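Undergrad:
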Amino acid sequence: MAQEQQARSLVRLEDTRFEPWTALGAFERETGLDDGRTGAASVFVGTMRDFNVGDDVEQLFLEHYPGMTERELERIAAEALERWPVNACLIVHRVGLIRPGEPIVLTAAWSAHRGAAFDACRHLIEALKHRAPFWKREDLRDGRQRWVSENTPA
Amino acid sequence: MTITIRYFASLREQVGRAEDHLETGHAATVGEAWQRLHGQAMPARVLAAVNQEYVAADHRLADGDEVAFFPPVTGG
Chain D
690 MAQEQQARSL
700 VRLEDTRFEP
710 WTALGAFERE
720 TGLDDGRTGA
730 ASVFVGTMRD
740 FNVGDDVEQL
750 FLEHYPGMTE
760 RELERIAAEA
770 LERWPVNACL
780 IVHRVGLIRP
790 GEPIVLTAAW
800 SAHRGAAFDA
810 CRHLIEALKH
820 RAPFWKREDL
830 RDGRQRWVSE
840 NTPA
Chain H
24 MTITIRYFAS
34 LREQVGRAED
44 HLETGHAATV
54 GEAWQRLHGQ
64 AMPARVLAAV
74 NQEYVAADHR
84 LADGDEVAFF
94 PPVTGG
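Listed in order, the protein sequences are those of chains D and H. Counting from 1 along the first sequence, just add 689 to a position and that's the residue number in the working numbering. Counting from 1 along the second sequence, just add 23 to a position and that's the residue number in the working numbering.
Okay, here's the thing in structure tokens:
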């Protein structure tokens, strides 16, 4: 008989470049998601563009509120585990200086079926964008700096 | 006792400093703290947290609280 296994989540901030696909593989192994209970994984990866609202962007600086940011991300992951029948959730987010092409964020959810995995993964990224205290400053190629005033709707 | 007020991102640059301190008793709520420090009502787009939890402007302050004011978040 299959044993009841506890759902788990992991939240991590990275101050240097991370590789989302390596992070996913490592988390799957550590969490034992190959035990036959998990039939679906849904993944979102956000990557830095070299353009925004018509301007060339040289690099991005991501500020956060140490302590509150982690707490808010953990709360968002806990909500996903509570609302959907998911086996695991993962959130990884960059802070500091980021160059175009580098991953900024990874959210992922594992479940028995795709519906819950998609819904939970979408909740992770949408709630993060609305509530997690991160702020982007763009350093433009022409030398100007500006704070991004709001996120794109989708 | 005092309350520590922290500012983040574009708001820190607009205010011109990262931190303020306020004597307990000079402001009963988060909104009053802003009013006391900046001489005007707290703007609608400014977000507030106390002890690293989101709060509304009418949240009551206590000794040793860490208050944070920041602009809309733009992570992800």
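Heads up, the beta-carbon is just placed ideally off N, CA and C, and yes, glycines get one too. All values derive from a computational prediction rather than experimental measurement.
Would residue 85/H pass as a contact of residue 752/D if the rule is Cβ separation under 8 angstroms?
TA: No, they are not a contact pair.
Undergrad: Is the Cβ of residue 698/D closer than 8 angstroms to any Cβ of chain H?
TA: Chain H contact via Cβ: absent.
Undergrad: Return helix, strand or coil for residue 782/D, following the three-state DSSP convention.
TA: Note: residue 782/D maps to strand in three-state DSSP.
Undergrad: Who are the neighbours of residue 833/D on chain H, taking C-beta pairs under 9 angstroms?
TA: Here the premise fails: no neighbours, minimum Cβ distance about 14 angstroms.
Undergrad: Alpha carbon to alpha carbon, how far is residue 81/H from residue 743/D?
TA: Spanning the two alpha carbons is a distance of roughly 40 angstroms.
Undergrad: If you follow the alpha helix (DSSP H) that residue 53/H is in, where does it begin and where does it stop?
TA: Taken as a continuous stretch (DSSP letters only), the alpha helix (DSSP H) holding residue 53/H covers 53–61.
Undergrad: Taking Cβ-Cβ distances below 9 angstroms as the criterion, which residues of the segment 738–749 of chain D are in contact with chain H?
TA: Per Cβ criterion, the list is empty.
Undergrad: When the Cβ atoms of the segment 727–745 of chain D are set against those of the segment 797–810 of chain D, are three or more pairs found closer than 8 angstroms?
TA: Touching, per the Cβ criterion.
Undergrad: What runs of the alpha helix (DSSP H), each 4 residues or longer, lie entirely inside the segment 728–812 of chain D?
TA: Taking only runs of at least 4 residues, the alpha helix (DSSP H) segments lying wholly in the segment 728–812 of chain D are 757–772.
Undergrad: I'd like to know whether the C-beta of residue 38/H is nearer than 8 angstroms to at least one C-beta of chain D.
TA: Judged by the 8 angstroms Cβ criterion, residue 38/H is not in contact with chain D.
Undergrad: Which whole-angstrom value describes the C-beta separation of residue 931/D and residue 789/D, a residue pair presumed to lie in contact below a C-beta threshold of 8 angstroms?
TA: With chain D represented from 690 up to 843, any question about residue 931/D goes unanswered, as that position is not in the structure.
Undergrad: Considering only their Cβ atoms, is the gap separating residue 96/H from residue 755/D smaller than 8 angstroms?
TA: No, the Cβ-Cβ distance between residue 755/D and residue 96/H is not below 8 angstroms.
Undergrad: Going by other Cβ atoms of all chains shown within 10 Å of its Cβ, with 16 needed for buried, is residue 709/D buried or exposed?
TA: By the 10 Å Cβ count, residue 709/D comes out buried.
Undergrad: Given this structure, state the Cα-to-Cα distance separating residue 779/D from residue 705/D, to the nearest angstrom.
TA: Spanning the two alpha carbons is a distance of roughly 18 angstroms.
Undergrad: Taking Cβ positions, are residue 722/D and residue 762/D nearer each other than 8 angstroms?
TA: No.
Undergrad: What residue does the alpha helix (DSSP H) around residue 32/H start on, and which one ends it?
TA: Element bounds for residue 32/H: 32–38.
Undergrad: Quick check: what's the CA-CA separation for residue 717/D versus residue 828/D?
TA: When rounded, the distance between both Cα atoms is 36 angstroms.
Undergrad: Taking all protein chains shown into account, decide if residue 757/D is buried (16 or more other Cβ within 10 angstroms of its Cβ) or exposed.
TA: Result: buried.
Undergrad: Taking the beta strand (DSSP E) that residue 699/D belongs to, which residues open and close that run?
TA: Run containing residue 699/D: 697–703, per the beta strand (DSSP E) assignment.
Undergrad: Going straight from the alpha carbon of residue 811/D to that of residue 842/D, what length do you get?
TA: Taking the straight line joining both Cα atoms gives about 13 angstroms.
Undergrad: Please work out which residues of its chain come closer than 8 angstroms, Cβ to Cβ, to residue 759/D, disregarding the five sequence neighbours upstream and downstream, and give them in chain order.
TA: Contacts found: 700, 702.
Undergrad: Closest to residue 99/H by CA distance: which of 720/D, 774/D, 825/D, 725/D is it?
TA: Comparing Cα positions, the closest option is 825/D.
Undergrad: In chain order, what residues of the segment 64–93 of chain H put their CB closer than 7 angstroms to some CB of chain D?
TA: Listed by position along the chain: 72, 75, 91, 93.
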